[in-house]
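Count along the first sequence from 1, add 8, and you get the number used in the working numbering.
Contents: one structure, followed by commentary.
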Amino acid sequence: MSSQPQPQSPSPRYAQIYTLVCQIPPGQVATYGQIAKLLGLPNQARQVGYALFRVASDSEIPWHRVVNAQGEISYAPQRQGNDDLQRWRLETEGIVFDPADRINLKKYGWPGPGATEADPLK
DNA sequence: ACGATGACGTTAT
DNA sequence: TATAACGCCATCG
Numbered sequence: 009m010s011s012q013p014q015p016q017s018p019s020p021r022y023a024q025i026y027t028l029v030c031q032i033p034p035g036q037v038a039t040y041g042q043i044a045k046l047l048g049l050p051n052q053a054r055q056v057g058y059a060l061f062r063v064a065s066d067s068e069i070p071w072h073r074v075v076n077a078q079g080e081i082s083y084a085p086q087r088q089g090n091d092d093l094q095r096w097r098l099e100t101e102g103i104v105f106d107p108a109d110r111i112n113l114k115k116y117g118w119p120g121p122g123a124t125e126a127d128p129l130k
């Protein structure tokens, strides 16, 4: 965080979002609303997704670890080719998808249910 | 400056 | 549990 990602975003506000997303540990996922809330934006979950949407193609940010409150992969009609990529990446991190293509936020949610690395099933 | 859009969320049916 | 409609607010044209 010492250095600003400074992709091409005019608003420093986005920098916070990028930084926060980078703080998500592997094997876990966060929701847009959660990130927004942590940034002090209670109902701006949309803008969070928008911020990631703009930076995803130009940054190394683990945007794939961000999903919606339903635990589903949110994808834009524009990036429909990337949705598969995101799912593939998450599976690689050890995240399991439900038959309905959903993630169990109860288990993979960030900062995690056990937070302290409970991982009892391991 | 104004109007329309949108990686979402929540509540209601 | 799934589907539908409304709300919030920054960014884009």
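Idealized CB from N, CA, C, for every residue including glycine.
Three-state secondary structure assigned by DSSP to residue i
i: ALA53; result: helix
i: MET9; result: At MET9, the pLDDT of 41 sits below 50, so the modelled position is not reliable; the number obtained from the coordinates is stated separately. DSSP places MET9 in coil when its eight states are reduced to three.
i: ALA6; result: Residue numbering for the chain in the displayed model covers 9 to 130; residue 6 lies beyond these limits and cannot be assessed.
i: SER67; result: coil
i: ALA38; result: strand
i: GLY89; result: helix
i: ILE32; result: coil
i: ILE111; result: strand
Nearest-angstrom Cβ-Cβ length linking residue i and residue j, presumed shorter than 8 Å
i: VAL29; j: TRP71; result: 6 Å
i: GLY35; j: GLU101; result: 5 Å
Exposed unless 16 or more other CB atoms sit within 10 angstroms - verdict on residue i
i: VAL104; result: exposed
i: LEU129; result: Residue confidence for LEU129 is low, a pLDDT of 47 falling below 50, so the modelled location carries little weight; the figure read from the coordinates is stated next. Classification for LEU129: exposed.
i: ALA84; result: exposed
i: GLY79; result: buried
i: THR145; result: As displayed, the chain neither begins before 9 nor continues past 130, which places residue 145 out of reach and without an answer.
i: ARG21; result: exposed
i: GLN42; result: buried
Quick test of the definition: if touching needs 3 or more C-beta pairs under 8 Å, does the stretch 69-84 touch the stretch 100-114?
yes
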